[in-house]
Amino acid sequence: MRTTSRYVNQSGFTLVEVIIASVIMIILCVGTLTVFSYAVRINRGNNLRAQAMSILQKEVEYYRSLKYVPVGSDTALNAGTYVNIRTRTSPDGRVFNISVTIDNDPYTAGVQTTPSNATCKFKEITITAVPQIAETSWLADLKTNVAIQRVRAN
4 MRTTSRYVNQ SGFTLVEVII ASVIMIILCV GTLTVFSYAV RINRGNNLRA QAMSILQKEV
64 EYYRSLKYVP VGSDTALNAG TYVNIRTRTS PDGRVFNISV TIDNDPYTAG VQTTPSNATC
124 KFKEITITAV PQIAETSWLA DLKTNVAIQR VRAN
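Residues 4 to 157 (the working numbering) are what the sequence shown spells out, left to right.
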């Protein structure tokens, strides 16, 4: 007959301890990956906004360079809403649609075309950049705007 002996001073972990430790590690890893995924999404949105702002800066410089004098002002400064008037490409290749709203009386609600362009002395120009290829999730409706004001020169 065979007899088995038990070792009283065995060292190591029991199966239950290993399973509990594994479950705790899995929970910690899932939490860390969730936070990392969230940070990546936020950074993507911030990157997209930064690209749009670089495009909008070029547009602002364009509208600031236009002649706005009592006689012979540039027709690109005529009041109105111009949707998708041009496309611009950011340095990394993303294409944006540019829309412009020119308001002759920014203190009145809505886009005002009066006073006429010939007598208007103050304009507010709002430029919007929208990615041409739509994004997903919370970035789907990302529109970046900038507003500038022009005063007629003498």
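We treat Cβ as the ideally placed atom computed from N, Cα and C, and that holds for glycine.
Please list the terminal residues of the continuous alpha helix (DSSP H) segment that includes residue i.
i, result
"glutamate 62", "18-68"
Can you tell me whether residue i is buried or exposed, with buried defined as 16 or more other CB within 10 angstroms of its CB?
i, result
"glutamate 62", "buried"
"asparagine 107", "buried"
"valine 103", "buried"
"alanine 112", "exposed"
With respect to the beta strand (DSSP E) encompassing residue i, which residues constitute its N-terminal and C-terminal limits?
i, result
"glutamate 127", "125-134"
"asparagine 107", "That residue, asparagine 107, is in no beta strand (DSSP E); it is neither H nor E in DSSP."
"tyrosine 85", "83-92"
"glutamate 148", "What sits at residue 148 in the sequence shown is asparagine, not glutamate. Its beta strand (DSSP E) spans residues 147-154."
What do you reckon, are the CB atoms on residue i and residue j nearer than 7 angstroms?
i, j, result
"lysine 124", "arginine 153", "no"
"glutamine 54", "asparagine 100", "no"
"tyrosine 71", "isoleucine 128", "no"
"arginine 52", "threonine 131", "no"
Since residue i and residue j are thought to touch, with beta carbons under 8 angstroms apart, how far apart are those beta carbons, to the nearest angstrom?
i, j, result
"isoleucine 45", "serine 93", "In fact, because the Cβ distance is near 19 angstroms, the residues do not count as touching under 8 angstroms."
"alanine 150", "alanine 143", "With 8 angstroms as the limit, alanine 150 and alanine 143 do not qualify as a contact, their Cβ atoms being about 23 angstroms apart."
Got a sec? Which residues, its chain only, sit under 7 angstroms from residue i by beta carbon, not counting five neighbours each side?
i, result
"threonine 116", "Ala82, Gly83, Asn107"
"alanine 163", "Outside the shown range of the chain, which is 4 to 157, sits residue 163, and nothing can be said about it."
Beta-carbon within less than 8 angstroms of residue i's beta-carbon, same chain only, minus the 5 sequence neighbours each way: which residues are those?
i, result
"aspartate 77", "Leu69, Lys70, Tyr71"
"leucine 31", "none"
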